[in-house]
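Below is one structure; the comments refer to it alone.
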Amino acid sequence: ISPGSITYYPEDGPIEDWRNSLLITSMKNGALYRCPLSEDKKQVQGYTKIYFHSANRYRVSRLHPDGKIIYIATDTGGPVMGLDGKPTKELANKGAIIKFEYIEK
460 ISPGSITYYP EDGPIEDWRN SLLITSMKNG ALYRCPLSED KKQVQGYTKI
510 YFHSANRYRV SRLHPDGKII YIATDTGGPV MGLDGKPTKE LANKGAIIKF
560 EYIEK
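Each step along the sequence shown adds one to the number in this note's numbering, with nothing skipped, and position 93 is 552.
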(Lines of atoms letter the chains of each structure in order from A and count residues from 1; the text may use other names and numbers.)
(Lines give C-alpha, C1' and ligand atoms only; values in the text may rest on other atoms or scores of the structure.)
Protein backbone atom coordinates (compact mmCIF):
# COMPACT_ATOMS: atom_id res chain seq x y z
CA ILE A 1 0.00 0.00 0.00
CA SER A 2 3.06 2.23 0.32
CA PRO A 3 2.16 3.63 3.76
CA GLY A 4 2.73 7.33 4.29
CA SER A 5 1.96 7.68 7.98
CA ILE A 6 0.52 5.89 10.98
CA THR A 7 -1.74 7.60 13.51
CA TYR A 8 -3.06 6.00 16.69
CA TYR A 9 -6.79 6.46 17.37
CA PRO A 10 -7.25 6.37 21.17
CA GLU A 11 -9.29 3.79 23.02
CA ASP A 12 -11.48 6.56 24.49
CA GLY A 13 -12.07 8.37 21.16
CA PRO A 14 -15.61 9.41 20.23
CA ILE A 15 -15.80 7.20 17.11
CA GLU A 16 -16.57 3.88 18.74
CA ASP A 17 -15.67 1.69 15.74
CA TRP A 18 -12.24 3.35 15.47
CA ARG A 19 -11.20 3.05 19.13
CA ASN A 20 -7.78 1.54 19.79
CA SER A 21 -6.84 1.41 16.10
CA LEU A 22 -3.99 2.39 13.84
CA LEU A 23 -4.94 4.69 10.94
CA ILE A 24 -2.54 4.17 8.04
CA THR A 25 -2.46 6.42 4.98
CA SER A 26 -1.75 4.83 1.61
CA MET A 27 0.08 6.67 -1.13
CA LYS A 28 -0.41 4.00 -3.82
CA ASN A 29 -4.05 3.14 -3.11
CA GLY A 30 -5.38 6.56 -2.10
CA ALA A 31 -7.10 5.28 1.02
CA LEU A 32 -7.01 5.28 4.79
CA TYR A 33 -6.66 1.85 6.41
CA ARG A 34 -7.99 1.26 9.93
CA CYS A 35 -6.30 -1.62 11.73
CA PRO A 36 -7.84 -2.53 15.10
CA LEU A 37 -5.38 -3.40 17.85
CA SER A 38 -5.48 -6.05 20.55
CA GLU A 39 -6.43 -4.88 24.03
CA ASP A 40 -2.75 -4.73 25.04
CA LYS A 41 -1.97 -2.69 21.85
CA LYS A 42 0.81 -5.10 20.86
CA GLN A 43 -0.66 -6.51 17.64
CA VAL A 44 -3.26 -5.92 14.96
CA GLN A 45 -6.38 -7.92 15.67
CA GLY A 46 -9.45 -8.30 13.46
CA TYR A 47 -10.22 -7.03 10.00
CA THR A 48 -8.63 -4.03 8.35
CA LYS A 49 -11.17 -1.58 6.94
CA ILE A 50 -10.63 0.90 4.10
CA TYR A 51 -11.98 4.46 4.18
CA PHE A 52 -11.99 7.54 1.94
CA HIS A 53 -10.73 5.88 -1.27
CA SER A 54 -9.94 8.47 -3.94
CA ALA A 55 -7.47 9.16 -6.74
CA ASN A 56 -5.02 10.81 -4.32
CA ARG A 57 -1.75 9.90 -2.69
CA TYR A 58 -2.48 10.15 1.05
CA ARG A 59 0.79 11.22 2.65
CA VAL A 60 0.09 12.19 6.28
CA SER A 61 -2.92 12.10 8.62
CA ARG A 62 -3.55 14.05 11.79
CA LEU A 63 -6.43 13.91 14.24
CA HIS A 64 -8.21 16.97 15.56
CA PRO A 65 -8.14 17.03 19.38
CA ASP A 66 -11.90 16.31 19.48
CA GLY A 67 -11.28 12.95 17.73
CA LYS A 68 -14.10 13.52 15.22
CA ILE A 69 -12.05 15.14 12.46
CA ILE A 70 -9.15 13.67 10.55
CA TYR A 71 -7.01 15.75 8.20
CA ILE A 72 -5.13 14.04 5.39
CA ALA A 73 -2.40 15.76 3.35
CA THR A 74 -2.03 14.65 -0.27
CA ASP A 75 1.01 14.58 -2.56
CA THR A 76 1.39 16.94 -5.50
CA GLY A 77 2.16 14.12 -7.93
CA GLY A 78 3.00 10.48 -8.46
CA PRO A 79 1.22 7.27 -9.38
CA VAL A 80 -1.94 6.13 -7.60
CA MET A 81 -4.66 3.55 -8.13
CA GLY A 82 -7.64 5.34 -9.70
CA LEU A 83 -11.26 4.78 -8.78
CA ASP A 84 -11.54 2.47 -11.80
CA GLY A 85 -8.85 0.19 -10.31
CA LYS A 86 -6.23 1.21 -12.89
CA PRO A 87 -2.97 3.07 -12.23
CA THR A 88 -3.06 6.79 -12.96
CA LYS A 89 -1.02 9.93 -12.40
CA GLU A 90 -4.11 12.16 -12.52
CA LEU A 91 -4.66 13.11 -8.89
CA ALA A 92 -8.01 14.41 -7.64
CA ASN A 93 -6.63 16.83 -5.02
CA LYS A 94 -2.96 17.65 -5.65
CA GLY A 95 -1.09 19.07 -2.66
CA ALA A 96 -4.23 19.51 -0.55
CA ILE A 97 -5.31 18.98 3.01
CA ILE A 98 -8.59 17.11 3.03
CA LYS A 99 -10.86 17.26 6.06
CA PHE A 100 -13.05 14.26 6.94
CA GLU A 101 -15.53 14.80 9.77
CA TYR A 102 -17.48 12.17 11.69
CA ILE A 103 -21.15 13.12 12.05
CA GLU A 104 -23.41 11.02 14.24
CA LYS A 105 -26.74 10.02 12.74
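Beta carbons are placed, not taken as given, at the ideal position from N, Cα and C, and that holds for glycine.
Out of F511, L481, Y530, the CA that lies nearest to the CA of Q502 is found in L481. The straight-line gap separating the alpha-carbon atoms of Y517 and G541 is approximately 13 angstroms.
Taking the CA atoms as reference points, G505 sits about 19 angstroms from S485.
For S513, there is no enclosing beta strand (DSSP E), as DSSP marks it with neither H nor E. Close CB contacts of S464 within its chain, under the 6 angstroms cut and outside five residues either way in sequence, are with T484, V519, S520 (chain order). Comparing C-alpha distances from A490 to each of E563, A551, D476, K564 shows the shortest one belongs to A551.
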